[in-house]
Amino acid sequence: MHYASYKKAILSLCNNRDGYSIAELGRLLEASIPKVSRIVTEMVNEGTIVEKGKMRSEGGRRAAVYGLNPDAGCFVGVEVGHEGLIIAVTDFPGQIIQVIDDIPFTLTNTEESVSALCKTVMHAVDRHGVDRSRVKAYGISLTGRVNQCTGYSYSYFISEEKPIRKLLEEGFGSPVIVENDSRAMAYGEYIAGAGGGEETSLFLNLGWGLGMGMIVGGKLFYGKSGFSGEIGHFPFFNNNLYCRCGKTGCLETAASGLALHRLVGEQLDAGRQSVLTPEHKEGRAITLDDILSAVKKEDIVAIECMEEVGATLGRAVAGLINIFNPELVVIGGRLSVAEHYLMPPLRSAINKYSLNLVNKDTLIKASILGKRAGAIGASLLAKDFILSEMQY
Ligand SMILES: [Zn+2]
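Plus 3 on top of the position in the sequence shown (first one is 1) and you've got our numbering.
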């Protein structure tokens with residue numbers, strides 16, 4: 004094996020676990036101790052890895068362990084949502100060093116919007132004291148259909164001439180990866196949130212719509228064209244409810260923020276009393292945030308509708324568990340802030356509808372990272388990309 008290949012292999016190992024001794028690396032790479040020692044010294048001098056401390060030992064000399072150098076650079080992840088931007092900055096080994104929440108930004112479907120996005124992100128990063136010259140790559144988590152491999156987006160920032168990834172790279176002047184929001188969230192949760200090393204896990208993004216990110220064998224699963232995870236458009240019902248995709252009866256019509264919004268509206272129309280009744284009577288539009296804050300205020304109508312969404316989603320998750328036999332299912336997205344009301348009916352429906360033999364090993368958890376999952380996941384994906392592409 005060539006020197007460069009050894010270096011790439013060491014980076015890849017250190018990306019998955021911090022702290023390897025020379026002896027361990029020698030065993031894993033099937034190389035002699037003097038050779039590994041020489042390569043590690045070169046990498047330390049180059050600044051990519053660093054001595055992290057000494058190994059624990061029962062006696063004798065304790066060996067030095069090496070891992071990725073936190074000072075080797077950083078990565079910026081951006082969640083681009085309808086409500087604005089969230090930015091997460093991680094260091095070279097992937098520790099979260101900064102999160103900037105709620106940056107105002109209007110998502111529109113134009114090329115101008117791309118340069119506005121770059122400017123807004125760079126401005127926010129500067130303002131929070133992150134040295135932009137140290138940023139190795141940007142990871143952009145986008146709602147809608149995104150092909151991570153080609154870098155094209157099919158829902159927002161649509162450009163016929165160039166993939167969105169190219170436009171963003173020109174704007175940032177750095178490498179960029181683009182990823183679908185549900186997958187970025189799934190990866191963030193897997194590495195830095197609810198995940199505990201489970202190699203098969205599903206992440207349900209219960210936002211305005213319903214999306215899913217899948218981790219299979221410890222890696223994000225993309226499918227042939229990068230559009231996997233469209234669980235929201237699973238033809239689940241004969242409910243004659245029109246879906247955003249143009250079809251009827253999709254799972255999303257009954258298990259999503261959109262469905263919650265419809266259910267609450269129906270209750271208010273029927274005259275149920277709620278904290279939202281005055282606004283409804285005045286004819287003011289009720290937003291999903293209004294409903295989520297009504298849940299927080301313990302409003303019965305909003306809670307009951309949230310429970311209904313939870314039960315419906317639970318029935319769908321039961322089906323997913325039967326298919327995937329996952330170790331972990333994480334429920335995230337905007338609605339997961341109401342986990343207190345969402346999770347009990349969801350768990351109950353899973354118990355009711357899934358095969359007990361299959362589900363007994365599946366952990367069901369609410370998201371730990373909440374609305375930050377996408378930004379954190381995107382920065383970690385940017386890191387993985389740079390480490391895999393690093394040239395010697
Ligand atoms: Zn649909």
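Note that the Cβ used here is the ideal one computed from N, Cα and C, for glycine as well.
Residue 263, enclosing alpha helix (DSSP H) - first and last residue: Position 260 of the sequence shown, counting from 1, holds the residue named residue 263. From DSSP, the alpha helix (DSSP H) with residue 263 extends over 260–272.
Please state the DSSP three-state secondary structure of residue 3. Residue 3 lies beyond the residue range present for the chain, which begins at 4 and ends at 395; the question has no answer from this structure.
Which class does residue 176 belong to by DSSP, given the choice of helix, strand or coil? Here residue 176 refers to the residue found at position 173 when the sequence shown is read from its first residue. Correct three-state label for residue 176: coil.
For residue 149 and residue 334, I'd like the C-alpha separation in whole angstroms. The residue labelled residue 149 in the question sits at position 146 within the sequence shown. The residue labelled residue 334 in the question sits at position 331 within the sequence shown. Between residue 149 and residue 334, the C-alpha separation is close to 21 angstroms.
Which residue wins for smallest C-alpha separation from residue 114, given the options 106, 69, 168 and 82? Reading the sequence shown from its first residue, position 111 is the one you call residue 114. The shortest C-alpha separation from residue 114 is found at 168.
For residue 181, which residues does DSSP report across the bridge? Residue numbering aside, residue 181 sits at position 178 when the sequence shown is read from its first letter. Answer by DSSP bridge pairing, in chain order: 143.
Please list, in chain order, all residues with a C-beta atom less than 7 angstroms from at least one heavy atom of ligand 1. With 7 angstroms as the limit, the residues whose C-beta approaches a heavy atom of ligand 1 more closely than that are 235, 236, 246, 247, 248, 250, 253 and 255, in chain order.
In this structure, what does DSSP give as the bridge partners for residue 93? As a working mapping, residue 93 is identified with position 90 in the sequence shown. Answer is 78 and 99.
Distance between residue 47 and residue 41 (C-alpha atoms, nearest Å): By 1-based counting over the sequence shown, the position of residue 41 is 38. By 1-based counting over the sequence shown, the position of residue 47 is 44. So the alpha carbons of these two residues sit roughly 10 angstroms apart.
Grab the span of the beta strand (DSSP E) containing residue 332 for me, first residue to last. The sequence position of residue 332 within the sequence shown is 329, counting from 1. Residue 332 -> beta strand (DSSP E) spans 331–335.
At least three beta-carbon pairs within less than 8 angstroms, the region 270–288 to the region 239–258: The region 270–288 makes no contact with the region 239–258: fewer than 3 CB pairs, one atom from each, lie closer than 8 angstroms.
Using only alpha-carbon positions, find the residue among 110, 311, 246 and 14 that is nearest to residue 70. Translated into positions along the sequence shown, residue 70 becomes position 67. Of the residues 110, 311, 246 and 14, the one whose Cα lies closest to the Cα of residue 70 is 14.
Considering residue 344, what are the terminal residues of the alpha helix (DSSP H) in which it resides? For the purposes of this step, residue 344 is taken as residue 341 along the sequence shown, with counting starting at 1. Residue 344 -> alpha helix (DSSP H) spans 342–356.
Residues that DSSP places opposite residue 67 in a beta bridge: Against the sequence shown, residue 67 aligns to sequence position 64. Paired residues: 57.
Beta carbon of residue 91 nearer than 7 angstroms to that of residue 379: Looking up residue 91 in the sequence shown gives position 88. Looking up residue 379 in the sequence shown gives position 376. Going by C-beta atoms, residue 91 is nearer than 7 angstroms to residue 379.
Do you know how far the Cα of residue 66 is from the Cα of residue 59? Position 56 of the sequence shown, counted from the start, is the residue given in the question as residue 59. Position 63 of the sequence shown, counted from the start, is the residue given in the question as residue 66. Straight-line Cα distance between these residues: approximately 8 angstroms.
Nearest candidate by alpha-carbon position, reference residue 158, set 136, 181 and 77: Locating residue 158 in the sequence shown gives position 155, where the first residue counts as 1. For residue 158, the closest C-alpha among the options 136, 181 and 77 is that of 181.
Pair within 7 angstroms by beta-carbon distance, residue 135 and residue 124: Translated into positions along the sequence shown, residue 135 becomes position 132. Translated into positions along the sequence shown, residue 124 becomes position 121. No, these two residues do not count as a Cβ contact at 7 angstroms.
What span of residues does the beta strand (DSSP E) with residue 207 cover, start to end? Locating residue 207 in the sequence shown gives position 204, counting from the first residue. Boundaries of the beta strand (DSSP E) harbouring residue 207: 204–209, taken from the DSSP string.
What's the C-alpha gap between residue 321 and residue 305? If you number the sequence shown from 1, residue 321 lands on position 318. If you number the sequence shown from 1, residue 305 lands on position 302. In this structure, the CA atom of residue 321 is about 24 angstroms from the CA atom of residue 305.
Three-state secondary structure assigned by DSSP to residue 362: If you number the sequence shown from 1, residue 362 lands on position 359. Helix, per DSSP.
Given this structure, state the Cα-to-Cα distance separating residue 165 from residue 171, to the nearest angstrom. Position 162 of the sequence shown holds residue 165. Position 168 of the sequence shown holds residue 171. Spanning the two alpha carbons is a distance of roughly 10 angstroms.
Can you have a look at residue 2 and say buried or exposed, based on whether 16 or more other CB atoms are within 10 angstroms of its CB? Within the shown structure, residues of the chain are numbered from 4 to 395, placing residue 2 beyond reach of any answer.
State the DSSP-derived secondary structure class of residue 371, mapped to helix, strand or coil. In the sequence shown, residue 371 corresponds to position 368, counting from 1. For residue 371, the three-state secondary structure derived from DSSP is coil.
Local conformation of residue 214 per DSSP, three classes: Start at 1 with the first residue of the sequence shown, and residue 214 comes out as number 211. Per DSSP, reduced to three states, the secondary structure at residue 214 is strand.
Check residue 106 in the structure and name its three-state DSSP category. Position 103 of the sequence shown holds residue 106. Strand at residue 106.
Given 8 angstroms, three or more beta-carbon pairs between the region 350–367 and the region 223–238: Contact fails: fewer than three Cβ-Cβ distances are below 8 angstroms.
Rounded Cβ spacing between residue 301 and residue 203 (contact assumed at less than 8 angstroms): Within the sequence shown, the letter at position 298 stands for residue 301. Within the sequence shown, the letter at position 200 stands for residue 203. Contact flag wrong, Cβ pair sits at about 37 angstroms.
Can you give the beta carbon distance from residue 338 to residue 260, rounded, assuming they're within the 8 angstroms contact cut? Taking the first residue of the sequence shown as position 1, residue 338 is located at position 335. Taking the first residue of the sequence shown as position 1, residue 260 is located at position 257. Right, the Cβ-Cβ distance comes to about 6 angstroms (below 8 angstroms), so this counts as a contact.
Assigned exposure category for residue 105 - 16 Cβ within 10 Å defines buried: If you number the sequence shown from 1, residue 105 lands on position 102. Using a 10 angstroms sphere on the CB of residue 105, the tally of other CB atoms stays under 16, which defines it as exposed.
Any idea if residue 398 is buried or exposed, counting beta-carbon neighbours within 10 angstroms, 16 or more meaning buried? What is shown of the chain runs 4 to 395, which leaves residue 398 out entirely.
Decide if the region 210–225 is in contact with the region 188–198; the criterion is three or more beta carbon pairs, one per stretch, under 8 angstroms apart. As far as the Cβ criterion goes, the region 210–225 touches the region 188–198, which means the pair count is three or higher.
Which listed residue (263, 33, 176 and 351) has its alpha carbon closest to that of residue 122: Working through the sequence shown from its first residue, we reach residue 122 at position 119. Among 263, 33, 176 and 351, the Cα nearest to that of residue 122 belongs to 176.
By how many angstroms is the C-alpha of residue 43 removed from the C-alpha of residue 27? Position 24 of the sequence shown, counting from 1, holds the residue named residue 27. Position 40 of the sequence shown, counting from 1, holds the residue named residue 43. Using only the alpha carbons, I get a separation of about 12 angstroms.
Rounded separation between residue 18 and residue 50 - CA only: Position 15 of the sequence shown, counted from the start, is the residue given in the question as residue 18. Position 47 of the sequence shown, counted from the start, is the residue given in the question as residue 50. Going by C-alpha positions, residue 18 is about 15 angstroms away from residue 50.
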